[in-house]
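There are 2 protein chains.
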Amino acid sequence: MSSTNLRPTDVLISEVGPRDGLQSVKAVMPTANKLLWIDALVAAGLREIEVGSFVPAKLLPQMADVAEVVRHALTHPGVTVMALVPNLRGAEAALRAGVHKLTLPVSASEAHSLANVRKTRVDMVKEVSAIVQLRDEIAPGVKVETGMSTAFGCTIQGEVSEDDVVWLAKECAGAGADEVGLSDTTGMANPAQVRRLFDKVRAAIGERTGAAHMHNTRGLGLANCLAAWDVGVRTFDASLGGLGGCPYAPGASGNVVTEDLVFMFEAMGLNTGVDLDRLIAAREPLKRGLPGEPIYGMTPEAGLPKGWVPHRVTV
Amino acid sequence: MSSTNLRPTDVLISEVGPRDGLQSVKAVMPTANKLLWIDALVAAGLREIEVGSFVPAKLLPQMADVAEVVRHALTHPGVTVMALVPNLRGAEAALRAGVHKLTLPVSASEAHSLANVRKTRVDMVKEVSAIVQLRDEIAPGVKVETGMSTAFGCTIQGEVSEDDVVWLAKECAGAGADEVGLSDTTGMANPAQVRRLFDKVRAAIGERTGAAHMHNTRGLGLANCLAAWDVGVRTFDASLGGLGGCPYAPGASGNVVTEDLVFMFEAMGLNTGVDLDRLIAAREPLKRGLPGEPIYGMTPEAGLPKGWVPHRVTV
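Chains as they are written, first to last, in the numbering used here: chain R, 5 to 319; chain A, 5 to 319.
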């Protein structure tokens with residue numbers, strides 16, 4: 005690997021494209037292409053990858069091969085292999101498949117919770133509790149993260165109260181979640197709100213405060229990531245080529261583009277552990293696996309600046 | 005006007021589209037369309053507009069009607085009418101036309117200075133001095149701003165040293181510029197650099213520190229504006245529909261989109277004085293005046309969020 009990884013990273017970029025991206029497009033990427041794409045992401049230096057969802061294949065045919073994808077991802081040493089699970093049944097399958105980390109969607113908006121997982125928020129917290137118990141029994145080393153959807157606003161119910169977000173963060177931590185992330189599922193977040201809400205959640209649950217999952221729906225994705233960085237967030241979800249959104253939040257679109265996010269942090273002198281040239285090269289297997297699908301990214305289009313030197317320790 | 009303007013604004017959005025935008029596209033917008041567009045910008049609540057450049061029409065035919073455009077813009081009470089002038093001759097014409105504020109491009113990069121205005125940086129500072137003297141003689145109420153191009157990097161020479169930027173800011177202030185803004189002409193700025201450089205310039209020239217003029221070339225435009233806001237910048241250049249760039253900085257593109265910038269600040273609870281619905285409506289006369297020209301903006305495409313309430317004092 006490149007010399008980037010010889011010093012500790014300042015920021016962890018959690019790549020969600022193979023899950024969040026692929027499940028939001030109609031086309032099904034063939035398994036062989038998924039594996040090549042994941043290999044390219046690993047080669048670029050990404051060290052946490054959400055590789056798929058454990059959901060019934062009849063609901064999301066894009067994820068039918070998730071166990072095989074997990075098996076392949078596990079052959080890469082040093083990579084945290086994550087999967088999304090909406091319920092206990094999915095969690096059991098993911099744990100049996102050998103993932104290192106589970107992520108569970110828990111909606112701050114009751115309306116979105118019912119639309120997304122057909123459960124109330126309270127019932128979803130019970131599910132988190134059951135999943136944590138199962139994890140303790142059969143795979144105690146595995147981490148459980150909850151990703152709080154619609155934490156910054158909801159396209160169905162509109163505003164989401166900050167008290168609800170803090171309450172739900174406490175509930176999730178109380179149910180045993182190791183990390184509680186906040187997601188701007190709908191692209192409604194603004195930097196002041198991001199700072200305020202992460203501060204409040206950290207005051208409530210301390211070091212269990214997890215990742216920022218921001219969308220670029222209204223162009224504020226990177227500004228919101230910067231705001232989260234400013235208040236101590238160190239893990240950021242992003243999707244190569246900006247692939248993905250949420251099919252159950254009408255009007256939502258546009259994950260933060262991994263390439264632009266890495267460029268921002270590296271340009272700031274922070275070590276992401278990611279090599280930007282290789283990251284941009286990882287768009288090729290994505291394009292080959294999803295012919296005709298639009299992918300985004302300002303940095304890949306503009307190219308790296310003249311005189312660009314990644315901020316890394318060379319040996 | 006709407007109730008937005010009944011309390012002081014927290015942020016001044018300086019619209020540069022009619023100058024920076026129009027001079028960077030090949031098509032020439034007819035004068036009548038320019039006037040309708042400016043009327044729509046004023047109706048949206050914009051209170052500072054860079055309406056054109058005083059440059060020879062054979063160099064920039066897009067700006068041949070600048071005096072007429074200024075004359076019309078001056079009929080709007082409460083609007084600061086700005087024009088760009090590259091030299092003393094342009095300044096004299098602009099002052100005779102009655103503008104309220106001049107902006108002069110002064111490049112931090114010697115290579116860009118020679119390419120853009122065919123003068124060294126030192127010679128350009130002399131020009132600033134001569135323009136300030138002329139202003140004192142014939143129009144003492146007019147403000148003179150320098151906009152420091154390539155302050156964050158240059159596509160021709162690569163890195164631009166921060167010492168050069170601070171030195172040039174002092175020179176411009178010493179030559180009598182009322183405001184010294186910093187421009188990311190080439191889209192190479194990052195938030196850490198923006199904070200550092202505005203802090204250094206403010207330490208050197210205090211309250212003469214002027215606007216942030218950011219580009220979105222690599223997607224960091226709004227993050228860089230947020231960073232500038234965090235260190236006390238209160239004036240931001242932006243262009244409706246993201247029109248414009250710099251034709252003499254190869255590879256540079258993409259002014260910050262006014263609509264997205266206003267959305268960010270308003271969502272943060274800051275009063276820009278701008279009505280977002282009317283601002284989005286001001287895209288129509290722009291489109292009609294430049295048929296077929298691509299214009300950008302994530303917020304206009306996504307629409308305002310459900311439950312959106314602009315942060316204004318209503319009476």
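The C-beta atom is built at its ideal place from N, Cα and C for all residues, glycine as well. Predicted model, so just to flag it, every value in this text is computed and none were measured.
Contiguous beta strand (DSSP E) elements confined to the segment 150-213 of chain R occur at 183-187, taking only those with 3 or more residues. Assignment of Phe240/R by DSSP, reduced to helix, strand and coil, places it in the strand class. Spatial neighbours of Gly180/A in its own chain (CB-CB distance under 6 Å, excluding positions within 5 residues in sequence) are listed in chain order as Val136. Counting other Cβ atoms within 10 Å of its Cβ, Thr79/R stays below 16 and is therefore classed as exposed. Across the structure, Asp234/R and His76/A are spaced so that their CA atoms are roughly 45 Å apart. Excluding residues up to 5 positions away in sequence, Ile17, Glu19 and Val278 lie with their Cβ nearer than 7 Å to the Cβ of Leu50/R in the same chain. Residues of the segment 169-200 of chain A that bring their beta carbon within less than 9 Å of a beta carbon in chain R comprise Thr190, Gly191, Met192, Ala193, Asn194, Pro195, Ala196 and Gln197, in sequence order. When 9 Å is used as the limit between beta carbons, Lys204/A is near no residue of chain R, the shortest such separation being about 16 Å. Within the segment 247-294 of chain R, the complete alpha helix (DSSP H) segments at least 4 residues long are 262-271, 280-285 and 287-293, listed from N- to C-terminus. Chain R places a beta carbon closer than 9 Å to that of Val261/A, counting this residue as a contact. Boundaries of the beta strand (DSSP E) around Leu88/A: Thr84 to Leu88. If you look at Lys123/R, you'll find it isn't in any alpha helix (DSSP H); DSSP assigns it neither H nor E. Residues of the segment 135-161 of chain R with a Cβ closer than 7 Å to any Cβ of chain A, in chain order: Gly157 and Thr159. Apart from the 5 residues on each side of it in sequence, Val169/R sits with its Cβ closer than 8 Å to the Cβ of Ala112, Met152, Ala155, Leu186, Leu201, Lys204 and Val205 in its chain, given in chain order. Ala134/R and Leu92/R have their C-alpha atoms roughly 7 Å apart. The beta carbon of Lys291/R sits no closer than 9 Å to any beta carbon of chain A. Of the other Cβ atoms in all chains shown, fewer than 16 fall within 10 Å of the Cβ of Arg292/A; this residue is therefore exposed. In this structure, Pro304/R keeps its C-beta atom at 9 Å or more from the C-beta atom of Glu270/R. Residues of chain R with a Cβ closer than 9 Å to the Cβ of Asn220/A are, in chain order, Gly223 and Met302.
Under the DSSP definition of a beta bridge, His80/A lacks any partner. The three-state secondary structure of Ser28/R, taken from DSSP, is helix. For a Cβ distance threshold of 9 Å, nothing in chain R lies close to Ala216/A: the least Cβ distance comes to about 13 Å. In the DSSP assignment, Pro309/R is bridged to no other residue. Here Leu230/R has Pro195 and Met268 as same chain residues with Cβ atoms under 8 Å from its own Cβ, once five neighbours each way along the sequence are excluded. Only Ala271, Met272 and Gly273 from the segment 270-285 of chain A bring a Cβ to less than 7 Å from some Cβ of chain R. Measuring C-alpha to C-alpha distances from Asn37/R to each of Gly307/R, Ile299/R and Leu290/R identifies Leu290/R as the nearest.
Secondary-structure assignment with DSSP links Ala216/R through a beta bridge to Leu186/R and Phe240/R.
If you compare the alpha carbons of Thr239/R, Val29/R and Gly246/R with that of His219/R, the shortest gap goes to Gly246/R. A direct Cα-Cα distance of roughly 18 Å separates Glu141/R from Leu108/R. Our two residues, Ala61/R and Arg199/R, have alpha carbons roughly 38 Å apart in a direct line.
Contact between Ala177/R and Arg212/R holds, since their C-beta atoms are separated by about 5 Å, short of 8 Å. Residue environment analysis places Glu54/A among the buried positions, since at least 16 neighbouring C-beta atoms fall within 10 angstroms of its C-beta. Among the residues of chain A, those whose CB is under 7 Å from the CB of Phe267/R are Arg222, following chain order. The shortest C-alpha to C-alpha distance from Glu183/A to any of Gly191/A, Ala173/A and Thr190/A is the one to Ala173/A. Note on Lys105/R: 16 or more other CB atoms within 10 angstroms of its CB, so buried under the neighbour-count rule. Distance from Leu224/A to Asp14/A at the Cβ level is roughly 22 Å; contact not present, criterion being Cβ atoms closer than 8 Å.
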